[in-house]
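Trainee:
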Amino acid sequence: MITTVSKLYSVGLAIMLAVFLLVAGERVQGAETTITVTAVVLPGTQSNSPGQTSGGGGAFSELNTPTSVSFAGTSFPGARITILTDGVLTTSATTTAQGAFTIVLPAVTIGNHVFTINSIDTNGFRSSNFLIPLLVAERTTLTVSGIVATPVMWADQSAVKQGDNLIVSGLSSPGARVTIRLKGPSSALITTRSNNVGLFRVVINTKPFLRGTYTLEASVIVGDKETPASRPETVLLGDTTTFNPAGTQTLLGDFNADQRVNLVDFSMIAFWYAKPGAPAQFDLNNDGQIDLKDFSIMAFYWTG
Numbered sequence: 049m050i051t052t053v054s055k056l057y058s059v060g061l062a063i064m065l066a067v068f069l070l071v072a073g074e075r076v077q078g079a080e081t082t083i084t085v086t087a088v089v090l091p092g093t094q095s096n097s098p099g100q101t102s103g104g105g106g107a108f109s110e111l112n113t114p115t116s117v118s119f120a121g122t123s124f125p126g127a128r129i130t131i132l133t134d135g136v137l138t139t140s141a142t143t144t145a146q147g148a149f150t151i152v153l154p155a156v157t158i159g160n161h162v163f164t165i166n167s168i169d170t171n172g173f174r175s176s177n178f179l180i181p182l183l184v185a186e187r188t189t190l191t192v193s194g195i196v197a198t199p200v201m202w203a204d205q206s207a208v209k210q211g212d213n214l215i216v217s218g219l220s221s222p223g224a225r226v227t228i229r230l231k232g233p234s235s236a237l238i239t240t241r242s243n244n245v246g247l248f249r250v251v252i253n254t255k256p257f258l259r260g261t262y263t264l265e266a267s268v269i270v271g272d273k274e275t276p277a278s279r280p281e282t283v284l285l286g287d288t289t290t291f292n293p294a295g296t297q298t299l300l301g302d303f304n305a306d307q308r309v310n311l312v313d314f315s316m317i318a319f320w321y322a323k324p325g326a327p328a329q330f331d332l333n334n335d336g337q338i339d340l341k342d343f344s345i346m347a348f349y350w351t352g
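Residue numbers for the sequence shown follow the numbering used here, so the first one is 49 and each next one is one higher.
1. If you reduce the DSSP assignment to three classes, tell me which class Ser102 lands in.
2. From Ser177 to Thr139, what does the alpha carbon distance come to, in whole angstroms?
3. Do you know how far the Cα of Ala203 is from the Cα of Thr188?
4. Could you check how far apart the C-beta atoms of Val200 and Arg225 are, in whole angstroms? I think they sit under 8 Å.
5. To the nearest angstrom, report how far apart Thr254 and Tyr321 are at their CA atoms.
6. Go ahead and label Thr341 buried or exposed: buried means 16 or more other beta carbons lie within 10 angstroms of its beta carbon, across all protein chains shown.
7. Can you tell me the Cα-Cα spacing of Thr144 and Ala207, whole angstroms?
8. For Ser167, which three-state DSSP category applies?
9. Just to confirm, are Ile131 and Thr86 a CB contact at a threshold of 8 Å?
10. In whole angstroms, what separates the C-alpha of Thr142 from that of Ile228?
11. Would you kindly work out how many angstroms separate the C-alpha atoms of Trp350 and Gly135, rounded to a whole number?
12. Expressed to the nearest angstrom, what Euclidean distance is found between the alpha-carbon atoms of Ala185 and Gly159?
13. Under three-state DSSP, which class holds Val76?
14. Just to confirm the assignment, what range does the beta strand (DSSP E) spanning Ala236 have?
15. Tell me the DSSP bridge mates of Thr122?
16. Indicate the three-state DSSP secondary structure (helix, strand or coil) for Ile83 in the structure shown.
17. Quick one: what does DSSP say Ile317 is sitting in, helix, strand or coil?
18. Report, in whole angstroms, the separation of the C-beta atoms of Thr263 and Pro276, which I expect to be a contact under 8 Å.
19. Can you tell me which of the three DSSP states Ala155 falls into?
20. Go ahead and pull the three-state DSSP assignment for Phe178.
21. How would you call Pro256, buried or exposed, if buried means at least 16 neighbouring beta carbons within 10 angstroms?
22. Give me whichever residues DSSP pairs with Val162 in a beta bridge.
23. Would you mind sorting Pro327 into buried or exposed? The rule is 16 or more other CB atoms within 10 Å of its CB.
24. Would Leu332 be called buried (16 or more neighbouring beta carbons within 10 Å of its own) or exposed?
25. Going by the DSSP bridge assignment, what does Arg231 pair with across the sheet?
26. Could you pull out every residue in the same chain whose Cβ sits closer than 7 Å to the Cβ of Thr288, ignoring the five residues on either side in sequence?
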């Protein structure tokens, strides 16, 4: 029996990690915001071809002109910005006091890539994935600008007694207009604005809402566009109030709330795979179904 569990653990994790890479390109989450991609084609480096002298002109070599990709945008001040290339951590940097960042990848291989941008605060709270698919061509400098990172958001409670206040906080670009969506048996749309250090906080009176499980998401409004949503928080509205431990954030895929994403959680979501009427907590990308995309998201947050 132990051997069987061990094999299931290995195979299950391998499948989920593989699926994450396969469907990553389909989960393009930057589609609602406007970012600018600028390409500059660089000249080749002149070199002598066989049989030619130095005065003969020579041919152009592309070997000494590597392609670079730079990313520029805003998040909250002091955020650690991480960039993954095709699911592999490439580099990280810290935003300025104004929340700005510029990160340059100096030598990127030619071809199609999916770059993932995350913001992480000092408590380890992280934003949802901001995915940017790019075709990297030869001898080209690519600049991706105008990025507004997805906000980081958390709820003070995992369960709220109906009629008590639900407190939701988060971090975004300073002075940003933030929209918080509450989805469940009832729904609400709440708009607030972050302060000069990017912090926002709302107090929601739960008395008008029906009992049940709710999902909370936050996004930033930029002009007439909206960033991708934050990582969702799940809150149960019922008979008791339970506060989250200070400095914790719900991990996507942590269905039993033990601060780990592992085989126990995998078995829970696997039960609802491709079945109708699944609880909202298992629908990790909120598309109304439990499919391979949900497993790919779970794989990203796998702790073992």
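From the three backbone atoms N, C-alpha and C, an ideal C-beta is built for every residue, glycine too.
Mentor: In short:
1. Bear in mind that the predicted position of Ser102 carries a pLDDT of just 36, short of 50, making it too unreliable to give a figure here.
2. Before going further, note that residue 177 is Asn rather than Ser in the sequence given. Going by the C-alpha atoms only, they are around 15 Å apart.
3. 43 Å
4. Rounded, the Cβ-Cβ distance is 16 Å, inconsistent with contact.
5. 32 Å
6. One point to set straight first is that residue 341 is Lys, not Thr, in the sequence displayed. Lys341 comes out buried.
7. 36 Å
8. strand
9. no
10. 26 Å
11. 13 Å
12. 6 Å
13. The predicted position of Val76 is uncertain, since its pLDDT is 36 and thus under 50; no value can be drawn from it.
14. 235-241
15. Ala148, Val196
16. coil
17. helix
18. About 15 Å separates the two Cβ atoms, so there is no contact after all.
19. coil
20. strand
21. exposed
22. Pro181
23. exposed
24. buried
25. According to the sequence shown, residue 231 is Lys rather than Arg. Partner(s): Ser235, Thr263.
26. Ala207, Lys209
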